[in-house]
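Student:
Number of protein chains: 2
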Amino acid sequence: MKGIRQLAEHLNISIGTVSRALNGKPDVNQETRRRVLAAAEELGYVANQSGRSLRQGETKVIGLMIESSKETVENADNFFLGVTSGLQSVFARHKLDLIMLPCPSDEDPHEYLKRMVARRIVDAMIISDTQRVDRRIDFLSRAKIPFVALGRSLSASNFPWIDLDFEGVADHAVERLIALGHRRIAITAPSSEANLGYLFIDSYRRALERHDIAFDSSLVIRVRSSEEGGYQAAHELLLLEERPTAVILIYELMAIGLYRRLMESGVMPGRDLAVIGFRDAPRARFLQPSLSCFRISLYDLGAALGRMLLANMPIYREFYPGDGGNIIWPLELMAGESDAFRVGVMA
Amino acid sequence: MKGIRQLAEHLNISIGTVSRALNGKPDVNQETRRRVLAAAEELGYVANQSGRSLRQGETKVIGLMIESSKETVENADNFFLGVTSGLQSVFARHKLDLIMLPCPSDEDPHEYLKRMVARRIVDAMIISDTQRVDRRIDFLSRAKIPFVALGRSLSASNFPWIDLDFEGVADHAVERLIALGHRRIAITAPSSEANLGYLFIDSYRRALERHDIAFDSSLVIRVRSSEEGGYQAAHELLLLEERPTAVILIYELMAIGLYRRLMESGVMPGRDLAVIGFRDAPRARFLQPSLSCFRISLYDLGAALGRMLLANMPIYREFYPGDGGNIIWPLELMAGESDAFRVGVMA
DNA sequence: CCTACAGTCGTAAACGTTTACGGAGTGCGT
DNA sequence: ACGCACTCCGTAAACGTTTACGACTGTAGG
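Residue numbers (full-length UniProt numbering), protein chains in the order written: chain A, 1 to 347; chain B, 1 to 347.
#1: As an exercise, report each continuous beta strand (DSSP E) stretch of at least 3 residues that is fully enclosed by the region 240-322 of chain B, in chain order.
#2: Tell me whether Ser50(B) sits in a helix, a strand or coil according to DSSP, three-state version.
#3: Are the C-beta of Gln131(A) and some C-beta of chain B separated by less than 8 Å?
#4: Could you check if Ser191(B) is buried or exposed, using at least 16 other CB atoms within 10 Å of its CB as the buried criterion?
#5: Less than 8 Å between the beta carbons of Gly229(A) and Gly257(A), yes or no?
#6: Enumerated in chain order, which unbroken segments of the beta strand (DSSP E) with a length of 3 residues or greater are wholly contained in the region 75-145 of chain B?
#7: Hey, how far is the Cα of Gly86(A) from the Cα of Ala303(A)?
#8: If we ignore side chains and look at the alpha-carbon of each, how far apart do Asn326(A) and Pro160(A) end up?
#9: What residues in its chain sit with their C-beta under 6 Å from that of Leu101(A), if we drop five residues either side in the sequence?
#10: Pick out whichever of Arg176(A), Arg222(A), Glu31(A) has its Cα sitting closest to the Cα of His211(A).
#11: Rounded to the nearest angstrom, what separates Arg52(A) and Asp97(A) at their Cα positions?
#12: Return helix, strand or coil for Val18(A), following the three-state DSSP convention.
#13: Kindly list, in the order they appear in chain B, the residues whose Cβ is closer than 7 Å to that of Arg115(A).
#14: Name, going along the chain, the residues of the region 82-101 of chain B whose beta-carbon falls closer than 7 Å to a beta-carbon of chain A.
#15: What do you reckon, are the CB atoms on Leu298(B) and Gly82(B) nearer than 8 Å?
#16: Should the region 231-247 of chain B be called in touch with the region 269-279 of chain B, which here means at least 3 C-beta pairs below 8 Å?
#17: Report the three-state DSSP secondary structure of Thr59(A) (helix, strand or coil).
#18: Under a three-way DSSP split, which group does Leu331(B) fall into?
#19: What does the alpha-carbon distance come out to for the pair Gln49(A) and Lys25(A)?
#20: Where Val90(B) and Ile121(A) are concerned, what is the direct C-alpha to C-alpha distance, given to the nearest angstrom?
#21: Output, in sequence order along the chain, the residues in the region 137-164 of chain A whose CB is closer than 9 Å to any CB in chain B.
#22: Could you give the C-beta distance for Asp165(B) and Pro330(B), rounded to a whole number, given that I count them as a contact under 8 Å?
#23: Please report the distance separating the alpha-carbon of Asp106(A) from that of Ala40(B).
#24: Applying the criterion that 16 or more other CB atoms from any shown protein chain within 10 Å of the CB defines a buried residue, is Asp134(B) buried or exposed?
#25: Quick one: what does DSSP say Asp165(B) is sitting in, helix, strand or coil?
#26: Does any heavy atom of the ligand MG sit closer than 7 Å to the C-beta of Ile126(B)?
#27: For chain A, check one thing: does any of its Cβ atoms lie closer than 8 Å to the Cβ of Leu54(B)?
#28: Assuming contact is defined by CB atoms lying nearer than 8 Å, are Leu291(B) and Gly336(B) in contact in what I supplied?
#29: Nearest-angstrom Cα distance between Gln232(A) and Gly3(B)?
#30: Compare the Cα-Cα distances from Tyr251(A) to each of Leu238(A), Cys293(A), Asp216(A), Ala156(A) and report the closest residue.
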């Protein structure tokens, strides 16, 4: 089966009518439409995407750009696959397909994005891992490519994004720990330029000051957000002269390494040191003692991203009237055993 | 910047010449080519992929199909991101782009594949998670779409694939454990139809028989290949009347749950029960005691897949003369502490 | 009987490329 | 002066769709 022309010849109908029948246009006889659909099914005809895209200037494909930097590969922990399901649940309603565009680690993400967009293989883009200043956002805005970002950025004043509620998490974590009697609370921050670090630490600082606890920069541990980073964070914590009684992890995977290093020194998490993590990943779920951490439904997040994207595309806007604005995505604390003690009582 | 026509007008050159200049065709003046390339760079022109694909019937895009079933989402553990890097390292040489095609969990993988292929958004396919009988393989063969599979299958007698050396791993693990004095060795098998389970168990059985140890089907634990599955596997092991002294895990992530359940019953992995895993994932790296497991370089695997695919595409075949055949991918044992004891000596 | 109109369908142009073909110009040998 | 080879470039067709436009029916209303 080659193209629509062969299908039309096989039916003794003009190619225009066949196209209209397949695309559900109104001016075609019911009986004709039935025959066309049946023949298409039988011969396994599917429209050639190149021809269609060329004609109508759209591809019905949405791209999800993911960066395959070494750090992402080690840490992503199915984050993207999880989000993908949610996205697809929304896109399926409009016969849109989702493809993932993995940016090679040796290529500049901005250049990669430009290349993909210029080639017109997608109609719209979802970008993640936004940086504090991120040229991709300016580019997409200027080029008028519909997009939505997973993560805030300072690059443009007004663009569609969803971001996790880092500030809420840091705030909640600090309040919770203080309520449990902690006064000396450490926190980890990413070493990269990702935007989340600033918000996270700022909120932590404000929460402390609200309780008249002085901010101590030696308690902000800058390590990679990975298992190894967690190991190193624990190492640095143990070196502090006045050891903190609690630590907040910006990425819960770090808990795995952190636990390990602590136990090597005979420090028991959940008894000698309270630990709270952020953004639960499947692999941290089995820690012992179980980790208190802030969870997120990747599926729901993906669906929200999808709706917001479509709300920003003229053709689909009408279907998603309320989904235009930005979202700070709330997280829910799953209390575990890793911080279940009061300072001075058990420690 | 719209298309090649605008670029041509801007240069006062015919559109044919511009195209030839950009595509490195021989019959174009050096100076003209230089001007064209400069103008293209300046105006940010990139060829519209739809037009190009339509004309030449190829897209310069390779698709990597991944199934986002629940099990995959929980377990994949960046397996695909790792492989992706290797693939891209090969594809970059030919200006091929890789996209990932996530099959929605509610769609039949075979239908999804057909749809993607019919739409002609990719020139070739990499499929994974091959089943014992897998209609995708017949389809791709018949449709003459170049492809390569990650995983063997019985579906077609001759198609390009790479598969992990399950048999070698099971064999090696059994031999190693027997050398350490073990006689009663349990093994886990997947509950799904994936092909690997059969090979794994078969090889395990043969290795045992080689040492005159009777195959005991109660030692083959069928659970999901996940952390939860590991937990359950341990549970079942503990219920056996004559408890095994060693267990081989088909998926090392299971070790996390397994360890947990064992410790709950006071059974110490690496002292009371030897554990060997398969296909190391980053998240198992931090187990305590460290897990003995068979490693694999995802990058190298991806690169091999890429070469094999190109060797099966007429245009690129010449570049990869030796990469046509199938590969059984060897794995290397990384000895850890989880099986480092002799039966009867320490236990 | 004429007009209007709704329901169908065919025709052809257009989308942005690539490429086969042929033409214009130049240089060279006879 | 002529033919020939070579270099460079323009022309136009083709890829597979979608869709604006108009043509052709049949029917209803006047």
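Ideal Cβ positions, reconstructed from N, Cα and C, are used throughout, including at glycine.
Tutor: So, from the listed chains and residues:
#1: Secondary structure in the region 240-322 of chain B: the beta strand (DSSP E) runs of 3 residues or longer, each lying completely within the stretch, are 246-248, 274-278, 292-295 in chain order.
#2: Three-state result, Ser50(B): helix.
#3: It does not: the Cβ of Gln131(A) has no partner Cβ on chain B nearer than 8 Å.
#4: By the 16-neighbour rule on beta-carbons within 10 angstroms, Ser191(B) is exposed.
#5: Their beta carbons are under 8 Å apart, which means Gly229(A) touches Gly257(A) by this criterion.
#6: List check, beta strand (DSSP E) in window: 97-103, 124-128.
#7: So the alpha carbons of these two residues sit roughly 4 Å apart.
#8: For Asn326(A) and Pro160(A), the distance between alpha carbons rounds to 6 Å.
#9: These residues qualify, in order along the chain: Gly63, Met65, Met116.
#10: Among Arg176(A), Arg222(A), Glu31(A), the Cα nearest to that of His211(A) belongs to Arg176(A).
#11: Approximately 15 Å between the Cα atoms of the pair.
#12: Reduced to three states, the DSSP call for Val18(A) is helix.
#13: In chain order: Val46.
#14: Of all residues in the region 82-101 of chain B, those with a C-beta nearer than 7 Å to a C-beta of chain A are Gly82, Thr84, Ser85, Gln88, Ala92, Leu98, Ile99, Met100, Leu101, reading in chain order.
#15: In this structure, Gly82(B) lies closer than 8 Å to Leu298(B) by Cβ.
#16: These segments touch.
#17: Thr59(A) falls in the coil class under three-state DSSP.
#18: Of the three classes helix, strand and coil, the one that applies to Leu331(B) here is coil, per DSSP.
#19: Straight across, the Cα-Cα distance linking Gln49(A) with Lys25(A) is about 19 Å.
#20: Roughly 21 Å separates the two Cα atoms.
#21: Answer in chain order: no residues at all.
#22: About 5 Å; that satisfies the 8 Å criterion.
#23: If I take the Cα positions, the gap works out to 23 Å.
#24: That one is buried.
#25: Per DSSP, reduced to three states, the secondary structure at Asp165(B) is coil, with no helix or strand assignment.
#26: Only the bare structure without any ligand can be found here, which leaves the ligand MG out of the picture.
#27: Cβ-Cβ to chain A under 8 Å: yes for Leu54(B).
#28: Yes, they are a contact pair.
#29: For Gln232(A) and Gly3(B), the distance between alpha carbons rounds to 53 Å.
#30: Tyr251(A) has its Cα closest to that of Cys293(A), out of Leu238(A), Cys293(A), Asp216(A), Ala156(A).
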